[in-house]
Amino acid sequence: MNVIEARGLRKEFTVRAKAGRFRRTSSVVSAVDGVDLAVERGELLGYLGPNGAGKSTTLKMMTGVLHPTAGDLTVCGYAPVPQRRRLAARIGVVFGQRSGLQWDLPLRDSFTLLRHVHRVPAGEHAAALRRCTDLLDLGSFMDTPVRQLSLGQRMRGELTAALLHSPEVLFLDEPTIGLDVLSKQAVRQFLAELGARGDTTVVLTTHDLADIERLCRRIVVIDHGRVVHDGTLTQLHERYGSQRRVTADFAVPVVPGDVSGLPGVTLESAEAARLVFALDSTAEVGDLIARLVTWGTLRDLSIAEPEIEDVISRLYLSPATSIMS
Amino acid sequence: MVDRIRPYLALIATQVRGQASYRTSFFFDLAGNVFFLGADLLALLVMLRTSGSLGGFDRAQVLVVFGLSQVAFALADLAVGNIERLRTYVRSGTLDTVLVRPLGVLGQLLAMDVGTRRLGRLVYSAGILAYALRLAHVHWTPAKALLVVVAPVAGAVFFASIFVATATVAFWWIESGELGNIVTYGGRDFTGYPVSVFGGWFRRLFAYALGMGFVAYYPALALLGVRDPLGLPGWVGWAAPAAAPVAALVAGLVWRTGIRHYRSTGS
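Line order of the protein sequences matches chains A and B. Under this note's numbering, the first sequence has 137 at position 135, and the numbering climbs by one with no breaks. Under this note's numbering, the second sequence has 311 at position 253, and the numbering climbs by one with no breaks.
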């Protein structure tokens, strides 16, 4: 059974703009424009898109915050807005830009409050809190008021707060935004472990591509409110012609020979002793290397895997219709 | 039942502790509230001093109306006054975090913002009412004793309804500004005077159409045993608290419509 099912999900906003001193014009903007999505239990889904693509709006509809304009949506078998309270008991939510913690009180107090809010038995609550405290290393700031926590500490607190009632689905909206490298690593590590256990479904929006590369097998890319890709990272690379890059450094400057006999290989640049080749998915690295050694003495050789940034930026740049075809 | 309200009680307890972490500010708020209340009373007394009576009522009688209105407002302000912060919650997106908890939205917002700082105002208002009732030499009967408790509570429900209904505007209109305050504080000031001092369409609209005459004026007539100079029969004073559930019903409908129009902000 699918934990999340969306069919033709749409959300329109009316945007009013000033036109003259008193007159205003209004226009309808589709933030989410017909999204179909099915997420199975235990999946770790990366929901990716540029700013304003409709990521947060989709998440808000799935968590019962916003009412969809059209389309069918069920999460954990509930219709999010009409059954908001029952759904809220089964999901955990972290909005990276908002805090669900008690600003003026020690972190611990927020967790105690959540025990009452979600009516979690004391024993279960203590066990869940202990697990999060160990994994996220909360011990040192448990008694610090939330307003005095660093962003990284606070985010670890938010994650714990979202998980204390053992939700089936965890929604994370930009969980690593603004964090330093160490905090990002801590958060990713934690999510990877959560994903590995396989009983919690995680939906993660981000525009930090490293999050996605580390964590998500499945990637949904959204742009202008539409899904433009739904599949694995490898599929994304295949579909959008991601290229590996082979950089060859020779002992002395060489004149590049002919590579037309090698399918999928193109010479990208040649500067003195360094040649750079781009290889698509049909190319054989071995054949290229065999050819290179005939041109001169190779001093160094490196192969770079395709950069997800490149793929995504190419995706954003191309018009949506051509991508869909 | 206890199990159902426990999460809200936990929210209240948490919020009171949060407020207590700013002790000095808490003290100034308390003092400020009493001061502004004193200013209202002073204005009324100055008016009474020059004319001796207002709208056909003597000083003690006017003070009973004023006291009833103040106690009702103080109660409402204590319980739901901070709902006006809904505007801030909508703008900052805090409402999103409220919506993802398995509790009612209105209940949470009220529990998150119980105005303990306004406790002083309630004590002060109750003092004025008690003094006014003594000054007016009310002939007490069991029914009047009941009315003097029910009327402020019903009035509080009435004001609370105004608070909720006007705060709901924030769902449609994020920059709703001081609109809510005009209606709530305007309403409080209107109910503090005998309705007979107002005239024409103004009186018809606020006292009767919007029901503000039933908060303090008509119950006060019943307590004082005075005939309405505007000609309504005596039982109106006893029935006046019935305006409260009607107001609450309307406010509830406005709220439910409002929450469905919530459109959140930003990412």
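We treat Cβ as the ideally placed atom computed from N, Cα and C, and that holds for glycine. Remember, predicted model here, so these are calculated numbers, not experimental data.
Of all Cβ atoms in chain A, is any one closer than 8 Å to the Cβ of residue i?
i	result
A228/B	no
S325/B	For S325/B, the predicted structure reports a pLDDT of 48, less than 50, and the residue's modelled location is therefore unreliable. The matter cannot be settled from this model.
D154/B	yes
A68/B	yes
G376/B	With chain B represented from 59 up to 325, any question about residue 376/B goes unanswered, as that position is not in the structure.
V158/B	yes
L103/B	no
L161/B	yes
According to DSSP, what are the bridge partners of residue i?
i	result
I93/A	V171/A
E42/A	N4/A
L11/A	V37/A
T234/A	R220/A
L47/A	V205/A and R220/A
V273/A	The amino acid at residue 273/A is misidentified as Val; the sequence shows Glu. Paired residues: R276/A.
T296/A	Answer is none; T296/A lacks a bridge partner.
S304/A	T249/A
T27/A	A19/A
L281/A	R246/A and V267/A
Would you say residue i faces chain B, with C-beta separation under 8 Å as the test?
i	result
T65/A	yes
K20/A	no
V95/A	yes
G159/A	no
V17/A	no
A72/A	no
I325/A	With a pLDDT of 41 at I325/A, under the threshold of 50, the modelled position of this residue cannot be trusted, and the question is left open.
D106/A	yes
R293/A	no
H226/A	no
V119/A	yes
L115/A	yes
K186/A	no
A85/A	Looking at the sequence provided, one finds Gln at residue 85/A rather than Ala. It does not: the Cβ of Q85/A has no partner Cβ on chain B nearer than 8 Å.
E14/A	no
I314/A	no
D145/A	no
With H, G and I counted as helix, E and B as strand and the rest as coil, what does DSSP make of residue i?
i	result
S262/A	coil
S331/A	Only positions 3 to 327 of chain A appear in the structure, and residue 331/A is not among them; the question remains open.
P303/B	helix
I141/B	helix
D135/B	helix
D225/A	strand
S112/A	helix
Y182/B	helix
P82/A	coil
F217/B	helix
V196/B	coil
G73/A	strand
L311/B	helix
F256/B	coil
L268/B	coil
Looking at residue i: is its Cβ nearer than 8 Å to the Cβ of residue j?
i	j	result
L165/A	G159/A	no
I186/B	G114/B	no
A97/B	L205/B	no
A306/B	S183/B	no
A91/A	P277/B	no
L290/A	V257/A	no
F229/B	Y147/B	no
L282/B	V122/B	yes
A130/B	A194/B	no
H209/A	R318/B	no
T65/A	V34/A	no
V189/A	V37/A	no
L172/A	V204/A	yes
R216/A	A198/A	no
P265/A	T236/A	no
C218/A	L47/A	yes
D145/A	R88/A	no
Inspect the CB distances between the segment 206-222 of chain B and the segment 299-308 of chain B and report whether three or more fall short of 8 Å. yes
Segment contact flag, the segment 291-309 of chain A with the segment 246-253 of chain A, C-beta cutoff 8 Å, min 3 pairs: Proximity of the segment 291-309 of chain A to the segment 246-253 of chain A meets the contact definition, three or more beta-carbon pairs being nearer than 8 Å.
Taking one C-beta from the segment 269-278 of chain B and one from the segment 244-256 of chain B each time, how about it: are there three or more such pairs within less than 8 Å? yes
Contact between the segment 105-117 of chain A and the segment 73-93 of chain B is defined here as three or more beta-carbon pairs at a separation below 8 Å; is this criterion met? yes
Could you tell me whether the segment 65-75 of chain B touches the segment 166-176 of chain B, where touching means 3 or more Cβ pairs closer than 8 Å? yes
Stretch-stretch touch, CB-based, cutoff 8 Å, three pairs: the segment 49-61 of chain A with the segment 222-235 of chain A: yes
Under 8 Å: do the segment 34-43 of chain A and the segment 92-101 of chain A share three or more Cβ pairs, one atom per stretch? no
With contact counted as at least three CB pairs below 8 Å, one residue from each stretch, are the segment 240-248 of chain A and the segment 68-88 of chain A in contact? no
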